[in-house]
Amino acid sequence: MVVRTPRTTSGVSRRSFMRLVGFAAGGGLLAACSPSAPAAPPAAPTTAAGAKPTSAPPAPAQAAPTSAAAAPTKFSEAPVLAQMVQAGKLPPVEQRLPASPQVVQPVQGVGQYGGTWRLAWTGPADFHAYGRENYDPMLRWPRDPKDAIQPGLAEKWEFNADGSALTLTLRKGLKWSDGQPFTTDDILFWWNDIALDTNLYPAPPPEWVINGKPMTVEASSPEVITLKFGAPNGMALRMLAFHGNQWPLNFERFGFYAPKHYLTRFHPKYNNGANDYKVFTDKADDLTPGRPVMTAWHVTSWAAGDRQLIADRNPYYWRVDPQGNQLPYIDQLRLDLVENSEAVNLKAVNGELDMQFRRIDIAKYSLLQENKQKGNYRVLRWDDANGSPVSFFVNQTFPAPDLRRVFQDLR
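Be aware that the sequence shown starts at 0, since it is given in numbering that gives the first Met the number 0, and climbs by one per residue.
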């Protein structure tokens, strides 16, 4: 149970805040660290999340390593999960982890268990405010972009000689957040019964269509699956690191796997009584409480009209730190629903957020700096690999009318 500490600083009025003008891309806010603050979540390896404590002091994890550590052989877990194990409500941590959990090297050292990460969003259409903290694809981008793509849910992969087939090997013993096995069946279900179902999509995802031919997917075991393409596919690894997460990533169609054991109950192909694809997609939504996930947190409280989304730690999460502490460190995410970006920045100025990047406005940089001591937070600037949010549509304004009509014809 999380007990939030009351605010002790005075707020900034909405009237004075709204005097600031303009929006620009970029910027991030990080709450000030305190001795009992929860550490950064594994999903954000390039930042360290300190926080004004929002719960009782968290239990310490084991000491930070002084150098790169080998894969641990003993494992620890959050106190809240240890209590559930003792009560017989969960199996031991060793039984919840895969045979080879992914080891995440912390940026600033091993963290502490506990706490609530407070964020703000404008609702489900602002999904990236939640999705960027819950993103676990087949493969992963490296911290240093000069390095090769890293393992994720798949611990190894191999192309055939001409690059027209890619075989993935999943970690053995992976489990969904409800404890059910995660296997190649969940990838086959996504491809055959979602991506290729014209009741859901008029055409397969274009990233998996090569030379006009959709890929074929074949599983040889619960852990081994092969993707076969119509021609060599040099983008496959990048797509698995980008789009290779759980379908449907809320309002986007990206994805590579879905919980077959759960969703077949609502899919018309598997259940004669389920004839409404709207029900199926609603149940598949990442924000639906009870929907199994492979991410660090799973939604436990959210419905239309709610003012907060609550996501609790996934007891079957498949990643650990070098000391064998099961991740994530933070117990809970709390996303407060606000009206717009101005309201997000106002909450930041008032010290009501623990770490927030999305919708933090660089035009508010001076105001954020002026109030950081009162709000007990830090303002950090770092390089961003994203491009500009501004797009130039030259076909809309080409000066010659005849050519403009040609350029605007998208046939």
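All residues carry an ideal CB built from backbone N, CA and C; glycine is no exception.
Per-residue DSSP class, three states only, for residue i
i    : result
N313 : coil
W381 : coil
E154 : strand
E217 : strand
T396 : helix
I209 : strand
R95  : helix
R139 : strand
A47  : At A47, the pLDDT of 33 sits below 50, so the modelled position is not reliable; the number obtained from the coordinates is stated separately. Note: A47 maps to coil in three-state DSSP.
N344 : helix
L336 : strand
W189 : helix
L402 : helix
Q407 : helix
Q107 : coil
G21  : Only weak support exists for where G21 lies, its pLDDT of 27 falling under 50; the coordinates are left without a value.
Y256 : strand
Y134 : coil
S365 : helix
F391 : coil
Beta-carbon spacing of residue i, residue j below 8 Å
i    : j    : result
H260 : Q179 : yes
T121 : N339 : yes
A283 : L226 : no
T299 : P288 : yes
G151 : R142 : no
P267 : Y256 : no
T166 : E157 : yes
P211 : P136 : A quick correction: the sequence has Gly, not Pro, at residue 211. No.
L286 : L118 : no
G172 : A124 : no
W296 : A273 : no
P221 : T183 : yes
Q355 : A362 : no
V102 : A147 : no
D360 : A77  : no
W317 : L96  : yes
L332 : E206 : no
Q325 : F74  : yes
F228 : M214 : yes
Beta-bridge pairing of residue i - partner residues as DSSP gives them
i    : result
A164 : K227
T115 : Q331
P180 : K174
N232 : Beta-bridge pairing links N232 to no other residue.
H297 : D311
R318 : Q101
W120 : L336
L169 : A153
Q245 : Y256
Q325 : V319
Expected contact under 8 Å - CB spacing of residue i and residue j to nearest Å
i    : j    : result
L334 : Q368 : Between Q368 and L334 the Cβ distance is about 25 Å, and since that is not below 8 Å, they are no contact.
T168 : V223 : 5 Å
P258 : W175 : 6 Å
L187 : V208 : Contact flag wrong, Cβ pair sits at about 18 Å.
R357 : H127 : 6 Å
D320 : V109 : 5 Å
W432 : G254 : Examination of residue 432 is not possible in this model, given that the chain is present from 0 through 410 alone.
Q82  : Y328 : Actually they do not touch by this definition, with Cβ atoms about 17 Å apart.
P412 : A194 : Outside the modelled stretch of the chain, which goes from 0 to 410, sits residue 412, for which no answer is possible.
N337 : N313 : At residue 337 the sequence reads Val, which differs from the Asn that was named. About 26 Å; that fails the 8 Å criterion.
D185 : P231 : Not a contact, Cβ separation roughly 27 Å.
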